[in-house]
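Enquirer:
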Amino acid sequence: EEAEATTHAEPGQKYNTLLVTCEDGLRVITLNRPSKKNAITKEMYNEWAAALEEATADPKTVVTAITGAGDYYCSGNDLSNFMNIKPEDMQQMALDARDLLKNFVASFIDFPKPLVAVVNGPAVGVSVTILGMFDAVYASDKATFNTPFSALGQSPEGCSSYIFPKIMGYTRASELLLFNKKVTAHQAKELGLVTEVFPNDALQSEVWPKLQAYAKLPVKSLVYSKALTRQTELETLHKINAAECERLAERWVSDDCVNAIMNFFNRKK
Amino acid sequence: EEAEATTHAEPGQKYNTLLVTCEDGLRVITLNRPSKKNAITKEMYNEWAAALEEATADPKTVVTAITGAGDYYCSGNDLSNFMNIKPEDMQQMALDARDLLKNFVASFIDFPKPLVAVVNGPAVGVSVTILGMFDAVYASDKATFNTPFSALGQSPEGCSSYIFPKIMGYTRASELLLFNKKVTAHQAKELGLVTEVFPNDALQSEVWPKLQAYAKLPVKSLVYSKALTRQTELETLHKINAAECERLAERWVSDDCVNAIMNFFNRKK
Amino acid sequence: EEAEATTHAEPGQKYNTLLVTCEDGLRVITLNRPSKKNAITKEMYNEWAAALEEATADPKTVVTAITGAGDYYCSGNDLSNFMNIKPEDMQQMALDARDLLKNFVASFIDFPKPLVAVVNGPAVGVSVTILGMFDAVYASDKATFNTPFSALGQSPEGCSSYIFPKIMGYTRASELLLFNKKVTAHQAKELGLVTEVFPNDALQSEVWPKLQAYAKLPVKSLVYSKALTRQTELETLHKINAAECERLAERWVSDDCVNAIMNFFNRKK
């Protein structure tokens, strides 16, 4: 079985931005652009969605985990996705990005097997908002969670506009979704977004054996149980996703957003 | 009034598996199979539902409390319900059990008066899942909460597949509903399933006076207020209940479940 | 800009029961009947709703905050609204009060910009229940939260019968909505009703700079983001509001309520 794991992780695999392994029912998808803090390029959006489809299709996969290579979990949308676009191409870029994001988020809404995040470091933007759809989120105490939408002239995605108020109430969700509040792992646990927090040194040694045990459970009971928990919301979540992406397509070409992103890159110079 | 309480609790009452008393507006239903950790037999399912109907019908009953005799609150479904069934009777047994469970859970969905659990010790399975429909859950610090559905090849009931994610989010509910996590009373309070935790020695002396006070409140305000809190969900909860029971009817005759239950009894030998 | 603030706060403004200022995008509505613990008279219901309309219409207003003058945040419905009513006018009074309340609550459901409460002291009744619709609730550690509906023969309003169970679960919401439990600011934070608690001495110095910063964010991103978080619930909330107010119109003329209010005034003598 070690041989099999090695096989799956060996060079020549189909993803440029991800590492994917599968052993004894546990599939691990590692975001693998550590030098870029695992920022999500267009390629990574597509590969991540494809990796979830692969997990769905593989009968040997029981539990799927997402984690990040290096110190970051994921720094969110790679803002270089917005660079070097000619003014006349802006509108089309926004529509393309809308469809890309909608498909990406839909792959989480529809993912039928248990999905767990192992948040090894800071998480930003869409990598945070989609966590509300995961079945468990285990976080290092060095992880932080930041969704700076209005600071960038944007608006929420990942169905967070629906799921965050559901679990936190409007009174707490709005700090994250409207007011750009960055929270610690312990605060995110209080908010119901994180399942459990581990000391950074213990995260790997504590979480993986737990997930290996989950992966030995009967897959039909897991899939059917997850389906029960989602049955009343699937349609709602797809509608929310569409509305969020439509709004972002408008935001991305707005002065609010264009100015904020220009300021971001000017600060980096 | 003490005389009346004695009258209600005296031998000759109509239930074999429950003790029922009613005094000054406070009705107490005690699960009374302490030698079996108050495991729920077919008879107890029916008697518990009947006792709720009686509470609804009695104009003197304002608040109804559920508690367990002995050290356990309730060890869940009595697995002997699954024993000594001939292979050719399995399918019918599953359909009968589905109907039994659906009616039992429906009696909680529709119960119109305040309903409080006094969780005196460990709670397992359906005795945990239905707690999400109670108006308050007061627990001993020796209580634990365990819903080992997938470990037994089964799936959630008691509308927990809807109510647990509603109050905890998917990220926390799935640990209980998919991954068999047993939680302490304090953890269950953090999750929103338990209202308040008491030191085991103080549970009885603290909780009953509180419930006696609640039972003096105007019953119409309580009933109308509870109806307001449930109005948007009644139909949803009945649909969820039906879907959960339908899935269990399939699970109970699956290899996953049959093997898990055989292993359970073999371990006990 | 100080001049502008002074202008807005100067005497001669249009409200008798409120102070309203607006500076650099931050509008502050202060409940201003400190000698009556900011109890809400009929006039204040109407002025508060009008002040929200004014905030909506003013293009310079980005964030709106509500706070109370003096030691109280708000002691809820002024029970003198129920006084000196002739028996033959009771029914009409109840219908008028129903419409007044429904319009008041609707102005919070529909308010499109970020809305924040700065709870400087005790909060009672409808001033508590509407908090579930706010985008943030910052509270002094001297604040308390009390909704004594059934003790007064009444029932919940402010959409709390829907929003409180959504964020707390039935098991915790019912203590507030059915059983008259008064909670501290820290308890209200645990319940998800309060966003953050500040030492009373630090409340003013900590909260206002935070809100001034929020008021500099791009208003379109805030308004569109808030709209996304509310889109699935607007219709539901208006239905809940109507059902709650209809029930209260019945409660206000009930013996339960009339007796409770008579007892209240007798105790005060």
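Chains as they are written, first to last, in the numbering used here: chain H, 1348 to 1616; chain X, 1348 to 1616; chain C, 1348 to 1616. The beta-carbon is built from N, C-alpha and C at its ideal position, and this holds for glycine as well.
Nearest-angstrom Cα distance between LEU1564 of chain C and LEU1525 of chain H?
Expert: Those two C-alpha atoms are separated by around 9 Å.
Enquirer: Helix, strand or coil for ARG1374 of chain H, going by three-state DSSP, please let me know.
Expert: strand
Enquirer: Using alpha carbons as the reference points, say which of X:ALA1386, X:PRO1459 and X:ASP1405 lies closest to CYS1369 of chain X.
Expert: X:ASP1405
Enquirer: Measure from the alpha carbon of LEU1373 of chain C to the alpha carbon of each residue in C:ALA1590, C:LEU1558 and C:VAL1530, then state which is nearest.
Expert: C:LEU1558
Enquirer: Looking only at its chain, what residues have a beta carbon closer than 7 Å to the beta carbon of MET1440 of chain C, apart from the 5 residues adjacent to it on each side?
Expert: ILE1432
Enquirer: Skipping 5 residues on each side, what residues in its chain have a beta carbon closer than 6 Å to that of ALA1398 of chain C?
Expert: LEU1365, VAL1367 and ILE1376
Enquirer: So what does VAL1570 of chain H bridge to, in DSSP terms?
Expert: VAL1570 of chain H pairs with nothing; no bridge assigned.
Enquirer: For chain C, check one thing: does any of its Cβ atoms lie closer than 9 Å to the Cβ of PHE1451 of chain X?
Expert: no
Enquirer: What number of angstroms, rounded off, separates the C-alpha of PRO1588 of chain C from the C-alpha of PRO1461 of chain H?
Expert: The displayed chain sequence assigns Asn, not Pro, to residue 1588 of chain C. Using only the alpha carbons, I get a separation of about 38 Å.
Enquirer: Should VAL1473 of chain C and LEU1448 of chain C be called a contact, given that it needs their Cβ atoms to be closer than 9 Å?
Expert: yes
Enquirer: Could you have a look at SER1422 of chain H and say whether DSSP puts it in helix, strand or coil?
Expert: If DSSP states are grouped into helix, strand and coil, SER1422 of chain H belongs with coil.
Enquirer: Helix, strand or coil for CYS1506 of chain C? Go by DSSP, reduced to three states.
Expert: coil
Enquirer: Nearest by alpha-carbon distance to LYS1513 of chain C: which of C:LEU1538, C:THR1494 and C:ALA1490 is it?
Expert: From the listed residues C:LEU1538, C:THR1494 and C:ALA1490, the smallest Cα separation to LYS1513 of chain C is found for C:LEU1538.
Enquirer: Tell me the rounded alpha-carbon separation between ILE1387 of chain C and LEU1550 of chain C.
Expert: 24 Å
Enquirer: Quick check on DSSP: helix, strand or coil for GLU1543 of chain C?
Expert: strand
Enquirer: Check whether the Cβ atoms of ASP1482 of chain H and LYS1573 of chain H sit closer than 9 Å, and answer yes or no.
Expert: yes
Enquirer: Going by CA-CA distance only, name the one from H:THR1583, H:LYS1361, H:SER1601 and H:THR1579 that's closest to GLU1591 of chain X.
Expert: H:THR1579
Enquirer: Please name the residue in C:ASN1424, C:PHE1429 and C:ASN1379 whose C-alpha comes closest to that of ILE1413 of chain C.
Expert: C:ASN1379
Enquirer: Taking the alpha carbon of LEU1540 of chain X as the reference point, which residue from X:LEU1523, X:GLU1553, X:PRO1495 and X:ASN1527 has its own alpha carbon closest?
Expert: X:LEU1523
Enquirer: Which residue wins for smallest C-alpha separation from GLY1417 of chain H, given the options H:ALA1490, H:HIS1533 and H:PHE1545?
Expert: H:ALA1490
Enquirer: With distances taken from CA atoms, which of X:ALA1498, X:ARG1594 and X:SER1568 is nearest GLU1603 of chain X?
Expert: Checking the sequence shown, residue 1603 of chain X turns out to be Asp, not Glu. Comparing Cα positions, the closest option is X:ALA1498.
Enquirer: For a quick check, are the C-beta atoms of LEU1478 of chain C and ALA1596 of chain C less than 9 Å apart?
Expert: Contact: no.
Enquirer: Quick one: is ASP1548 of chain C buried, meaning 16 or more other Cβ sit within 10 Å of its Cβ, or exposed?
Expert: With fewer than 16 Cβ atoms within 10 Å of its Cβ, ASP1548 of chain C is classed as exposed.
Enquirer: Could you pull out every residue in the same chain whose Cβ sits closer than 7 Å to the Cβ of SER1487 of chain H, ignoring the five residues on either side in sequence?
Expert: VAL1466, ASN1467, GLY1468, ALA1532, PHE1545, ASN1547 and LEU1550
Enquirer: Is ILE1514 of chain H helix, strand or coil when you go by DSSP?
Expert: helix
Enquirer: How about ASP1425 of chain X and LEU1581 of chain X: do their beta carbons lie closer than 9 Å?
Expert: Contact flag unset, no.
Enquirer: Are the C-beta of ASN1613 of chain C and some C-beta of chain X separated by less than 9 Å?
Expert: no
Enquirer: Spatial neighbours of ILE1510 of chain X within its chain, please: C-beta separation below 6 Å, excluding the five flanking residues on both sides.
Expert: GLY1479
Enquirer: Between which two residues does the beta strand (DSSP E) containing ALA1483 of chain X stretch?
Expert: 1483–1487
Enquirer: Looking only at its chain, what residues have a beta carbon closer than 6 Å to the beta carbon of TYR1392 of chain X, apart from the 5 residues adjacent to it on each side?
Expert: Excluding residues within five positions, the ones whose Cβ falls inside 6 Å are LEU1447 and PHE1451.
Enquirer: Using a Cβ-Cβ distance under 9 Å, would TYR1571 of chain X count as near chain H?
Expert: TYR1571 of chain X does not count as touching chain H.
Enquirer: Please decide whether LYS1407 of chain X counts as near chain C, where near means a Cβ-Cβ distance under 9 Å.
Expert: Chain C has no Cβ within less than 9 Å of the Cβ of LYS1407 of chain X.
Enquirer: Report yes if the CB atom of VAL1600 of chain X is closer than 9 Å to the CB atom of GLN1438 of chain X, and no otherwise.
Expert: It is a contact, given that the beta carbons lie within the stated cut-off.
Enquirer: Since ILE1477 of chain X is in the alpha helix (DSSP H), which residue starts that stretch and which ends it?
Expert: No alpha helix (DSSP H) contains ILE1477 of chain X, which DSSP labels as neither H nor E.
Enquirer: Compare the beta carbon distance of ALA1464 of chain H and TYR1420 of chain H with 9 Å and say whether it is the shorter of the two.
Expert: Yes, the pair counts as a contact, with Cβ atoms nearer than the cut-off.
Enquirer: Compile a chain-ordered list of the residues in the region 1502–1520 of chain C whose CB is closer than 8 Å to at least one CB of chain H.
Expert: Per Cβ criterion, the list reads ILE1510, LYS1513 and ILE1514.
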